[in-house]
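Working notes, structure below.
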Amino acid sequence: MLSKSDFIQYLNCPKSLWLKQHKPDAYPEDDSSEYPGKLAAEGYLVEGYARQLVEGRPDSGRFSFQTVFETEDGLYARVDMLRKNEDGSVDIFEVKSSTSVKGDTAHDHLKDAAFQTIAAGKAGHDVRNVFIVHLNKDYVRDGEIDPQGLLAFADATEPVKGLLKETELEIAGALALLREPSIDESSCSCLALSRAHHCESFDYFNPAVPEFSIYSLPNLSASKRATFVAEGRFGLDQIEPGEVTRLQKPVLHAHNVENPYVDLADIDNFLDVLEYPLHFLDYETYASAVPIMNGMAPHEPLPFQFSLHVLHDDGRLDHVEYLADRPQRPLPLVEALEQAVGAAGSVIVWNKRFENGQNERMAKAFPEKRAFLLGVVDRTVDLRDVFKTGYVDIRFNGSTSIKKVLPVVIPELSYEGMEIADGTAAMDGWEKMLGESDPARREHLRQALLTYCELDTLAMVRIFQFVAARDFRSG
Ligand code: SF4
């Protein structure tokens, strides 16, 4: 059977769908992130409110939910809500947890709805109208969730009807591909794209591309990548130093000399701007499709936790942490931070866009804390920058994520085996903690959250000390 999600996968990449269906053992499922699970859970929640809304309508008896259509040619569609009209036709309602109707390739809501419409039609239904039910971006929670305010109904009938012909051809293409006993597995089209576009099947289809390759080079232009691919040059050993930019040179150099690339002047530029005490700061934020508390909009981020390590010039290291024990506006978090950060010293983060984004948002929300928070923004430096051009180990493989850098430079510190080990798991853990009635289980989750966030800032301290010692082997 070809389901709607199979079809969307086909539109994004036919080969990966074929591999999943024909060689499931070779198809690498990405189970490293909890994000898809969170998305699915939010989808069910939003659908529940849509159902609640419909059940309060005078025509509620005409609605059915999760109606399945299986067609003779192999389509499988499960429609979120279906309304039977008096003339025998039906209306289709697709429920989405986004705040608008999306048309990008990864989440094409209109193509989704066109697939459902075609499947319903083939199953003998005359589809009159198609609606996309999505979240209202202007909704702000005030008391119990108001499904009427939370949800918006977009009439997608005309755009979906306009897509039916091309979608039918695409469905025929997908079904034909799935009937193929074999396909060209010798490469795939993502050779032309940057690593951000590659799926988990990239290595399967491109076994000749080595671990350290042109895809390890940051910001490689599309034209240069096309040239390298056309010439069959994938390995970094096939690239000349004169062919890379200033940002790519450290990765190539680290690979070629089999030692880290070190630019002491670059590292000194970073160290020179720092003022003690050094505050290593990390926030965790929560966001959900359905606002968790009053005053919040769908998907609005809510800082609920921070960890702060304070390194003094005499080497003393203090640790301060904050974890909200209920959903609330983050004023207590800001107050705790203000007490711990004080008026002097640099603030060091990993990826300052994120932390400063939170500070700027909270500065707007709490005018009385604006001067403090914007002062923190001014005092913030990004430790991540050092690993762009100051210190680059080929084992980072072109990445500057702390999850890549830490195991290489401080191998004794690790996120391995932690119950909460990334931002999505932290969101999920906090939500579970808030809903947990068993005090022991709640305390267990609390400790897991604290341990994870503390490791984030301790990792920064250790990485900073590694950099500041300037005592490394380089090529
Ligand atoms: S890496 Fe290959 S299999 Fe994966 S999406 Fe890209 S083209 Fe498809």
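For what it's worth, my numbering labels the leading residue of the sequence shown as 5, then goes sequentially. For every residue, glycine included, the Cβ atom is placed at its ideal position computed from N, Cα and C.
Item                                                                                                         : Value
Closer than 7 Å: Lys24 CB and nearest ligand 1 heavy atom                                                    : no
Distance between Val134 and Asp95 (C-alpha atoms, nearest Å)                                                 : 6 Å
Classification of Ala356 by the beta-carbon crowding that lies within 10 angstroms, buried from 16 upward    : Here residue 356 is Lys; the residue named in the question, Ala, does not match the sequence. The residue in question, Lys356, is buried, as its Cβ has 16 or more Cβ neighbours within 10 Å.
Cutoff 8 Å: Ala81 Cβ touching any chain D Cβ                                                                 : Structure shown: chain D not included; a single protein chain is present.
For Arg87 and Val72, believed in contact at Cβ under 8 Å, the rounded distance                               : In fact, because the Cβ distance is near 16 Å, the residues do not count as touching under 8 Å.
Burial state of Glu170, where buried means 16 or more other Cβ atoms lie within 10 Å                         : exposed
Stretch-stretch touch, CB-based, cutoff 8 Å, three pairs: the region 198-206 with the region 40-60           : no
Terminal residues of the beta strand (DSSP E) in which Lys88 lies                                            : 79-88
Status (buried if at least 16 other CB within 10 Å, exposed otherwise) for Lys100                            : buried
Val88: CB within 7 Å of a non-hydrogen atom of ligand 1                                                      : It should be noted that the sequence gives Lys, not Val, for residue 88. Because no heavy atom of ligand 1 lies under 7 Å away, the Cβ of Lys88 does not count as near it: no.
N- and C-terminal bounds of the beta strand (DSSP E) containing Tyr419                                       : Neither: Tyr419 is in no beta strand (DSSP E) and is coded neither H nor E.
Heavy atom of ligand 1 within 7 Å of Lys27 beta-carbon                                                       : no
Backbone secondary structure at Phe476 - three-state DSSP                                                    : coil
CB of Trp434 within 8 Å of CB of Leu459, strictly                                                            : no
Start and end residues, alpha helix (DSSP H) containing Asp286                                               : No alpha helix (DSSP H) holds Asp286; the beta strand (DSSP E) holding it covers 282-290.
Every unbroken beta strand (DSSP E) within the region 141-208, with a cutoff of 3 residues, ordered by chain : 155-159
Proximity winner among Val233, Pro415, Glu262, Lys228, relative to Gly246 (alpha-carbon distances)           : Lys228
CB of Gln362 within 8 Å of CB of Tyr287, strictly                                                            : yes
DSSP bridge partner residues for Lys352 (one or two, in chain order)                                         : Residue identity check: residue 352 is Ile in the sequence provided, not Lys. According to DSSP, which records beta bridges pairwise, Ile352 is partnered with Phe284, Val385.
Simplified DSSP assignment, three categories, for Thr231                                                     : helix
C-beta contact flag for Pro497 and Val396 at 8 Å                                                             : The structure shown has nothing for residue 497, since the chain only spans 5 to 479.
Assigned exposure category for Thr231 - 16 Cβ within 10 Å defines buried                                     : exposed
Tyr39, DSSP secondary structure in three states                                                              : helix
Buried or exposed (CB count within 10 angstroms, at least 16 for buried), Gln252                             : buried
When Tyr280, Pro222, Leu195, Ser190 are compared against Gly346, the one with the closest alpha-carbon       : Tyr280
Neighbourhood of Phe11 by C-beta, 7 Å cutoff - its chain only, sequence neighbours within 5 removed          : Phe119, Ile175, Ala178
Three-state secondary structure (DSSP) of Gly239                                                             : strand
DSSP beta-bridge partners of Tyr326                                                                          : Phe310
heavy atom of ligand 1 below 7 Å from Phe400 C-beta                                                          : no
Separation of Thr121 from Asn360, as counted between CA atoms                                                : 45 Å
Element boundaries [beta strand (DSSP E), containing Asn273]                                                 : Careful: Asn273 lies outside any beta strand (DSSP E), inside the alpha helix (DSSP H) at 268-276.
Length of the line joining the Cα atoms of Ala369 and Asn140                                                 : 21 Å
N-terminal and C-terminal residue of the alpha helix (DSSP H) that Val390 is part of                         : 390-393
Straight-line Cα distance separating Ser198 from Arg61                                                       : 49 Å
7 Å CB neighbourhood of Asp389 in its chain, flanking five on each side removed                              : Phe274
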